[in-house]
Amino acid sequence: MVFRKLPGVSASGMGLRLSQKFVFLLFLSGLVTLCFGALFFLPDSVRLKRIFLSKTESQPVTVGSENDVREHLKKGAKDPEHLRGITSAKGETSTKLKALSRKPSVTNEAKTDKKDAGGEALEDMTLSRSKTESASKDEKVTSSSNQGANTDTSFDYNKFKKCLLKPPLGIEHGKPSDPQTLQRREKVKEMMKFAWDNYKSFAWGKNELRPLTRNGHIGNMFGGLRGASIVDSLDTLYIMGLMDEYNDAKEWVETSLDLNSNGEASLFEVNIRYVGGLLSAYYLTGEEMFKRKVMVLGEKLLPAFNTPTGIPRGVINLGSGTSWSWGWASAGSSILAEFGTLHLEFVHLSELSNNDIYTEKVMNIRKLLNKIEKPHGLYPNFLSPVSGNWVQHHVSIGGLGDSFYEYLIKSYLMSDKTDEEAKTMYYSALEAIEANLVQKSPGGLTYMAEWRGGILDHKMGHLACFSGGMVVIGADDGAPEKRQHYLDLAAEITHTCHESYSRSATKLGPEAFRFDGGAEATATRLSDRYYILRPEVIESYMYMWRLTHDPKYREWGWEAVEALEQHCRVEAGFSGIRDVYAQTVSHDNMQQSFFLSETLKYLYLLFSDDDLLPLEDWVFNTEAHPLPVVRKSCLQGEGGTHDKTTSE
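Now the structure itself:
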């Protein structure tokens, strides 16, 4: 018995002195604290928390929508798991919203290699068994997802096409008249076919290709979903006219993309890659199968919003609907670049389903962000989904924050310039960014620093280099007297990002570069020197070309093509490199899916005429999947209101 193990204490416990009672109670309270601390706060305790909390967790009420409550009640009747929203600490991971999630660590890759080698045969057997079941299950879920929608769930694709101002693929698929530009575009097309063919040969059905070892990589970002490179490539293959490859991809999606997975997925990554990829494939081709698939997947993401504030958590189990925050996120917070990068896709989910639930979810996020105080007008990267308050005052236009700002201006443009709230939020945020983050180096380079509780960190990430393109696409819609200022700011930022490329031995840019200690636009830390086939700099080149037609942007794009060919092309695909400053490169053995979706697509568009996916009709999500401008007045009318109808 416990008391017999304490010297000087009688078995009955009646002889305890006051000091001994105090010592015993102190010991007991410490033991209890230790046990419950381990349960709730250790990084790997997520499964323990599910055991103890899943059956007793009360249903959180999402603020701001009566329709939400009705929808939750309907779903609860058929799936009690659907209503759970559980915050758990998950183990430290290299996942990062458009940044950390695309930053493979060498240690984690080595572990994954072992898992891939040991489990690949079993996975293939499981996938083959599920192929024949997948389509019928998807159909069942699709029909159930329509139960909460309005009576008329049809989407008139032909009317949608008439509402476009121009043909999506242009008069001649955007073929440039200049022979040199055409030759460069054909080279980019060859790069895409080479990357695709090797993926198909060595990693078909897996998420990404490992070109050095010639095998597939699955990873843990997509909750058991497979074929990320296939879904990410659909629209790229289609606009490049690689129709045999596109048809192979379409067939795989129809027969083998199993959405009935039961794994832990990044809400952000599934949304931008799978939802975005399927949406764009549908809008470009009119294939109903893509619409059916994306509606099934869209419904599976809704339980992530079941929090007291309606701010979704970052991780969701696609099977059970349980959700939690990333273990590395401060105090169980949600991440600005995750919950702020849902708007474009969710608006289109509502358009296709005729169900406002998706739009209501993202509008509720905006409502909360407008209500809470913002330090110096800035949006910090971490927000509690429980209290609705900022958790840390760390502001970044790069990783953790980036695509939130991008989606503000793109929401305005995608609404046919009717979303005035998005417009106001964007230009107010841009004003705060200019006042607090935009800096000029001693050498005259304009960059966006990071802000940590009022202290500037003079670092700019590769991810922040999208901002040149962001600023230029919004130049025409701000105050008229600021138009030239925005054009100049966009050009200066893009120039700085080009300098980060030109100052390296490989002419490719590092993951992050600094402007302190005498350094300018160069990485000073070994951990920042890698390049993983990222698209953001090339993305800004494309937008700057489209809106200024300055030929230097095409020249800079061609420099990137030559560098990719020289340093990243290997025998069986393309690979990132570990040090852009090394004369002899070391490859990281990963052909990222966004290389096919973004980097090569933006290069192809850079060397195409402007009528290929014209910006008057299309807005690109943060994975470069084109989504059409929503012209409500046209779509709701008797027919197209524009003179020119479109053709494929």
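Residues in the sequence shown are numbered from 726 upward in steps of one, following the working numbering. C-beta atoms are modelled at their ideal positions from N, C-alpha and C, and glycine is treated no differently. A quick note: this is a predicted structure, and the numbers were derived from the prediction, not measured.
Query	Result
Would you kindly check if the distance between the Cβ of Ser1229 and the Cβ of Tyr1327 is under 9 Å?	no
Check for me: the alpha helix (DSSP H) holding Met1195 runs from which residue to which?	Ser1192 to Ile1198
Ends of the alpha helix (DSSP H) at Tyr971?	Met968 to Ser981
What residue range is occupied by the uninterrupted alpha helix (DSSP H) comprising Gln908?	Pro904 to Ala928
In terms of residues, what are the limits of the alpha helix (DSSP H) holding Lys1407?	Residue 1407 lies beyond the range of the chain shown here (726 to 1373); nothing can be said about it.
Is the stretch 978–989 in contact with the stretch 1013–1032, if contact means three or more CB pairs nearer than 8 Å?	yes
Less than 9 Å separating the beta-carbons of Glu1131 and Leu1214?	no
Locate the alpha helix (DSSP H) running through Tyr1278, then write down its first and last residues.	Lys1277 to Ala1288
On the DSSP letters alone, give me the boundaries of the beta strand (DSSP E) that Phe1345 sits inside.	Trp1343 to Phe1345
Using the three-state DSSP reduction, which class does Phe1240 fall into: helix, strand or coil?	coil
Thinking just about the alpha-carbon of each residue, which of Ile955, Val913, Trp1115 and Gly944 is nearest to the one in Trp929?	Ile955
Tell me where the beta strand (DSSP E) around Met673 begins and ends.	Since the first residue of the chain shown is 726 and the last is 1373, residue 673 is not available in this structure.
Using the C-alpha atoms, what's the distance from Leu1027 back to Phe1107?	21 Å
Under DSSP, the beta strand (DSSP E) around Asp957 begins and ends at which residues?	Careful: Asp957 lies outside any beta strand (DSSP E), inside the alpha helix (DSSP H) at Ala953 to Ile964.
Is the separation between the beta-carbon of Gly966 and that of Lys914 shorter than 9 Å?	yes
Cutting at 8 Å between CB atoms, please list the residues of its own chain near Glu1348, excluding the five before and the five after it.	Asp957, Ile997, Arg998, Gly1001, Gly1002, Phe1319, Ser1322 and Glu1323
In chain order, what residues of the same chain lie with their CB nearer than 6 Å to the CB of Met1267, ignoring the 5 residues before and after it?	Tyr1327, Leu1330 and Leu1331
Thinking just about the alpha-carbon of each residue, which of Ser1055, Ala1288, Leu894 and Ile1060 is nearest to the one in Ser1227?	Ala1288
At a cut of 8 Å, does the stretch 934–946 reach the stretch 968–978 through at least three beta carbon pairs?	no
Give every residue of the same chain whose Cβ lies closer than 7 Å to the Cβ of Leu1155, excluding the five residues on either side of it in the sequence, and list them in chain order.	none
Whose CA, out of Leu907, Leu1212, Gly1186 and Lys1099, lies closest to the CA of Met1150?	Lys1099
Let's test the definition: count the other Cβ atoms within 10 Å of the Cβ of Leu1043 and tell me whether it reaches 16, buried, or not, exposed.	buried
Can you give the Cα-Cα distance for Ala1147 and Met1315, rounded to whole angstroms?	37 Å
For Gly1186, which residues of its own chain have a beta-carbon under 6 Å away from its beta-carbon, when the five flanking residues on both sides are left out?	Gly1123, Gly1124 and Ala1237
Between Leu1061 and Trp1176, which are expected to be in contact by the criterion C-beta below 8 Å, what is the C-beta distance as a whole number of angstroms?	Not really, about 13 Å apart at Cβ, beyond 8 Å.
What's the gap between the Cα of Val1310 and the Cα of Tyr1255?	10 Å
Can you say whether His1068 is buried or exposed, counting buried as having 16 or more other CB atoms within 10 angstroms of its CB?	buried
Classify Ser1048 as buried or exposed, calling it buried when 16 or more other Cβ atoms lie within 10 Å of its own Cβ.	buried
So the alpha helix (DSSP H) Ile666 belongs to, where does it begin and stop?	The shown model of the chain, from 726 to 1373, leaves out residue 666, and the question about it has no answer.
Taking the beta strand (DSSP E) that Asn1042 belongs to, which residues open and close that run?	Val1040 to Asn1042
For His1101, which beta-bridge partners are listed by DSSP?	According to DSSP, His1101 bridges with nothing at all.
So the alpha helix (DSSP H) Ser1140 belongs to, where does it begin and stop?	From DSSP, Ser1140 is part of no alpha helix (DSSP H); its letter is neither H nor E.
Rounded to a whole number of angstroms, what is the C-alpha to C-alpha distance between Ile1263 and Glu1290?	15 Å
Skipping 5 residues on each side, what residues in its chain have a beta carbon closer than 6 Å to that of Tyr963?	Tyr971 and Leu1009
Classify Lys730: buried if its beta carbon has 16 or more other beta carbons within 10 angstroms, exposed otherwise.	Confidence in Lys730 is poor, its pLDDT being 39 and thus under 50, which makes the residue's placement too unreliable to answer from.
Assuming Gly1039 and Ser1059 are in contact, meaning their beta carbons sit under 8 Å apart, how far apart are those beta carbons, in whole angstroms?	6 Å
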